[in-house]
Structure formats: C-alpha cells, structure tokens
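When you line the sequence shown up against mature numbering (1 follows the signal peptide of the UniProt record, and there is no 0), it's residues -29 to -1, 1 to 384, in that order.
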Amino acid sequence: MTLHSLLSLAVSGLCALILLGTQPHQALGSRQGSLGLTGDAVVAPPPGICAIAVTIHGYQCQEFDVTTDDGYILSVQRIPQSRAGAGGNNKQPVLLQHGVLVDGMTWILNSPDQSLAFILADNGFDVWISNIRGTRFSRRHVTLNPSDSEFWNWTWDDLVTHDLSSVIDFVFKQTGKKMDYVGHSMGTLIALASFSEGRQIDKVKSAALLSPIAYLSHMTTALGDVAAKAFLMEITKLIGFAEFNPSTVPVVNFLKALCAQSGVDCYDLLASFTGKNCCLNVSTIELFMKHEPQSTSTKNMVHLAQIVRDGILSKYDYGNPISNIVHYGQARPPIYNLSNIPRNFPLFMSYGGRDALSDVRDVGTLLDSLQLHDPNKLTVQYIKDYAHADFIMGVTAKDLVFNQMIAFFRNQK
Ligand SMILES: *[C@@H]1O[C@H](CO)[C@@H](O)[C@H](O)[C@H]1NC(C)=O
Ligand SMILES: *[C@@H]1O[C@H](CO)[C@@H](O)[C@H](O)[C@H]1NC(C)=O
Ligand SMILES: *[C@@H]1O[C@H](CO)[C@@H](O)[C@H](O)[C@H]1NC(C)=O
C-alpha cells in the first residue's frame, strides 16, 4: 500500500474499517458506575483527555464536566497556560469544537508545535476543548444510559440548542469573557446555525470556521448520493434510532453493503468522501486510528443526509407534514437563515480545493448567504491542496491556516 493511499484511508475511520479490516478500540463505556447511578461497583474513571494527550507534553490541563439542560454530561478540557507556564489571568478564551464521528482529541494529535490547541496556548490563549454527547468521554447523562435508545434521540439541532449552548455558557461563566470560537466541519455547522438564531453570539467575540459545512448538495460523487439515500431509508430500518457506532458489526456490514451496491470500489468511495488530504503525518494517522472514530446518533446522520438531499439548511425533518406540525407547528421544518448572522460579526473561514465534504461550490453557497457581511469582518482563505482533515491535522496547517487565524483573532477588538 502506498503512503498516499494509507493517508487517504485513515482519514475516514469508517472506510478504513472496511479496507484495512481493523477494528479501532470500542468506545469506552460510560462513567456512570463512578457516579453511582447504576448501582454497580464503583469503578475508577478512565483517564481523560488531559492525562492521555495534554499533560504528557508538559502543559497544565483541567477536566470539567458540563451538564446540558437536557441532562447530558459533557467532558470539557482547559489548557490555561503556555507550556512554559506563562501566566496571567487575563487571557483570551478560545473554544475548540470538533466535527462529527470524532472528538476533542483531534485538536491535539500532532506534536505540540503542530497542534492547534497547543499552538493557541503557547500564543497566550486560554484554550477550551469541547466533546459533544455520545463521544468517548461524553457518554453520560443524569438519568439515561448509552444503552437506552432515548440516549441517542438527537440530531445536530440538539447540539445547537443544548451542547454548544451549555459549553459556551460554562466557558463564559468560568472566564467572564467573550470567547473566540474554532469549529471544524460539523463544528462550523452548529455555530452558524446557532448564530443565525442569535443564540450565544453575544458570548462569542469571533469565529474561525475550518472546512465549513452548511450546504452539502455538492458532496456529490457516488458516495454522497448513495450514502445519503441509504441513511434516509435503510439504516434506520437496520439499526433504528440508536447509537451510530462505526466500530460495531451492523454499521460495518451496512458500509460494506453500501460499497458493493454503489458499484464504486471502497478506495474511490473514500477519496470521494473526504477528499485526498495532502499533508497528514503517518504517526498522527496511527494515533487517530487509535482514538477515533467516535459514535454519534443515527438520527444525526439522517439529519446530515437531509442537508445533502434538500440543499437547504433546516431543522430535522420528521418525514411527514403531520409530524413536522407536531414538532414545529408547520408542515416543513424551519430553516436556519444564515443571512441573519449579524453583519459585523467577525468570521474567519478557511476551505480547501480538495475537500470532498466541504465542496468549493457549497462553500460558494455559504458565502452567498453572507454576501451582505461587512467585508472588514469576513476573512476567507482558500487552500488549494487541502482536504477535510488537513485543516486540523495537516503538518503545514500552522503555517497556512493557524497563524493567520490567530492574527485574525488578535485583530478583532
Ligand atoms: C425523540 O425526541 C422527540 C423530540 O425531539 C420526541 O418527540 C420523541 O417522542 C422521542 N422519541 C423517542 C422514541 O423517545
Ligand atoms: C510526524 O510525527 C512524528 C511523531 O510525532 C514526528 O516525530 C515527526 O517529526 C512528524 N513529521 C512531520 C513531517 O511533521
Ligand atoms: C433570510 O433572511 C434575509 C434577511 O435577513 C431575508 O432577506 C431572506 O428572505 C431570508 N431568506 C429566507 C429563505 O427566508
């Protein structure tokens, strides 16, 4: 196998499963035992992200639990200082929000001088890392258990109204300051949706959107179509509204069937799914494979597939007018109108020419919806050779993207 194909493969944990025939670790079970909720023997909690990937590099790190207003207990990390320990209490907070099927580990897989979380800390930021519900360290709820199907009854609408909202509130309360925000992939989607509803934007100073995703119509190619259709119809029959854990047998079988049915071999399918990343480090990919992919809900995958199908950004479609009326008081789900994002809100956007998920044409649609934005408050960067994962794990990302992002943050008053 060539290095290049290995790189491409590993980016999507999903297809890597099929192609390499490997099983990444099973997501760890919930830590409910340690909370005494299950009545089981009390087990020591497994080490969190701080212990696994931050303090080993010589940085201070704090673990927090943030309980959302609908009862999910999210794991949040804070890297309050540079490695040298340069202190001061007046640091600018920045919140990092990962994408779908991964968790906050993705920000710290490269060496400290290449990983965004560490680079920000070394540049004087107070760094906060979010981990959304269902991911390895956020599989907890005040009453529900991950084995309950109700635990997985949510989509990215809920990440907007509950997870993002609660984490932003928490960081704001802890620091007393408006934060900068960095989102990747679905982490951009939930921020745009939130800001378009005026939600939490008063607590955010500016936002950097890497591989922005709001429209997905051009995530065309074989996989876009086939996967989206499959998610809309078949997978819900197969595994119901439940956990979508890419490591489990039904999901692997589903993906294998998808590869066979689409008439596209899985290698091409993968390349068309994420794009060919130019600049990943093999050691980082190995680490990535050790820690990812992470679970999400099947309902969330269906909602993402609805964006592909509909070409517009709206709330979860319950599939028929009557159910939509029950939930929304209207036959069609309400749209998120991105033109409602305040025109003077500072936005930094970086997208890649080889990114098959955040397709150049879809980013064009996103930029159209922001065409009345104050030009002094919108910086758009295009990296010709970059695909989806290069924006967080690329060895050149510091030079090409992160330094510019930090300069942008510093320029906003
Ligand atoms: C899932 O949540 C929706 C509200 O978002 C609710 O109407 C529905 O009854 C829930 N479904 C189940 C199976 O609990
Ligand atoms: C790749 O990662 C390894 C392990 O962190 C590191 O030693 C090496 O310098 C990295 N290579 C590049 C090109 O950054
Ligand atoms: C979105 O909002 C803008 C103004 O904020 C309005 O002109 C436009 O008609 C809205 N679009 C839709 C589809 O409602």
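Even glycine gets a Cβ: it sits at the ideal position worked out from N, Cα and C. Everything numeric in this text was worked out from a predicted model, so none of it was measured.
Original post:
What do you reckon, is the C-beta of Asn252 under 8 Å from a heavy atom of ligand 2?
Top reply: yes
Original post:
Would you call Gln3 buried or exposed, if buried means 16 or more other Cβ atoms sit within 10 Å of its Cβ?
Top reply: Its pLDDT being 33, under 50, Gln3 is placed unreliably in this model, and the value from its coordinates should be taken loosely. Buried.
Subject >> 3 or more residues per run - each beta strand (DSSP E) lying fully within the segment 49 to 86 >> reply: 63 to 68
**OP:** With a threshold of 8 Å, establish whether the CB of residue 406 neighbours any heavy atom of ligand 2.
**Re:** With the chain covering -29 to 384 only, the question about residue 406 has no answer from this structure.
Original post:
What separation, rounded to the nearest whole angstrom, lies between the Cα atoms of Pro(-6) and Gln265?
Top reply: Low confidence applies here, because Pro(-6) scores a pLDDT of 31, under 50, leaving its location unreliable; read the following figure in that light. If I take the Cα positions, the gap works out to 10 Å.
Subject >> For Glu214, the three-state DSSP class (helix, strand or coil) >> reply: strand
Subject >> Buried or exposed by the 16-neighbour rule on C-beta atoms within 10 Å, applied to Ala302 >> reply: exposed
Subject >> Contact check, Tyr186 vs Asp333, beta carbons under 9 Å >> reply: yes
**OP:** Out of Gly365, Glu214, Ser321 and Ser136, state which residue places its alpha-carbon closest to the alpha-carbon of Arg107.
**Re:** Glu214
Original post:
Is any heavy atom in ligand 2 found nearer than 8 Å to the beta carbon of Pro255?
Top reply: The sequence shown places Thr at residue 255, not Pro. Thr255 Cβ: within cutoff of ligand 2.
Original post:
With a CB to CB cut of under 7 Å and the five nearest residues on each side skipped, what residues in its chain are close to Gly29?
Top reply: Arg54
Subject >> Chain-order list of residues whose beta-carbon lies under 6 Å from that of Leu91 (same chain, five-residue window excluded) >> reply: Val65 and Val98
Subject >> Distance between Ala57 and Asp151 (C-alpha atoms, nearest Å) >> reply: 20 Å
**OP:** On the DSSP bridge assignment, give the partners of Ser349 in chain order.
**Re:** Note on residue identity: the sequence assigns Leu, not Ser, to residue 349. In the DSSP output, where bridge partners are listed per residue, Leu349 has Leu318.
**OP:** Could you tell me which residues DSSP puts in a beta bridge with Trp99?
**Re:** Arg49 and Leu66
Original post:
Can you tell which of Ser285, Lys348, Lys286 and Val279 has the C-alpha that lies nearest to the C-alpha of Asn382?
Top reply: Lys348
Original post:
Based on the DSSP secondary-structure assignment, which residues constitute the bridge partners of His112?
Top reply: Tyr43
Original post:
Which same chain residues, not among the five before or five after Thr367, have their C-beta less than 6 Å away from its C-beta?
Top reply: Cys250
Original post:
Does the beta carbon of Ser82 fall short of 8 Å from some heavy atom of ligand 1?
Top reply: no
Subject >> Touch test, the segment 139 to 159 against the segment 277 to 291, Cβ-Cβ under 8 Å, three pairs minimum >> reply: no
Subject >> Own chain residues within Cβ distance below 8 Å of Gln171, not counting five before or after >> reply: Leu135, Ser136, Ile139, Asp140 and Ser165
**OP:** Determine the DSSP secondary structure at Ala185, reduced to helix, strand or coil.
**Re:** coil
**OP:** Taking Trp127 as the reference, give the member of Leu284, Gln31, Lys247 and Ala360 with the closest Cα.
**Re:** Leu284
Original post:
Relative to the alpha-carbon of Ser167, which residue among His189, Met157 and Val131 has its alpha-carbon at the smallest distance?
Top reply: Val131
Original post:
Should Phe316 and Ala179 be called a contact, given that it needs their Cβ atoms to be closer than 9 Å?
Top reply: no
**OP:** May I ask you to list the residues that DSSP assigns as paired with Asp36?
**Re:** Ser46
Original post:
By a C-beta neighbour count over all protein chains shown, 10 Å radius and 16 as the cutoff for buried, is Val25 buried or exposed?
Top reply: buried
Subject >> Extent of the continuous alpha helix (DSSP H) run through Thr357 >> reply: Here residue 357 is Tyr; the residue named in the question, Thr, does not match the sequence. Taken as a continuous stretch (DSSP letters only), Tyr357 belongs to no alpha helix (DSSP H), as it is neither H nor E.
Original post:
Which partner residues does Val366 have in the DSSP bridge list?
Top reply: Answer is none; Val366 lacks a bridge partner.
Subject >> His155 - containing beta strand (DSSP E), residue span >> reply: Met150 to His155
Subject >> N-terminal and C-terminal residue of the alpha helix (DSSP H) that Ile27 is part of >> reply: Looking at the DSSP string, Ile27 is not in any alpha helix (DSSP H), and its letter there is neither H nor E.
Subject >> DSSP beta-bridge partners of Val175 >> reply: Met150
**OP:** Could you check what DSSP says for Ile306 in three-state terms: helix, strand or coil?
**Re:** strand
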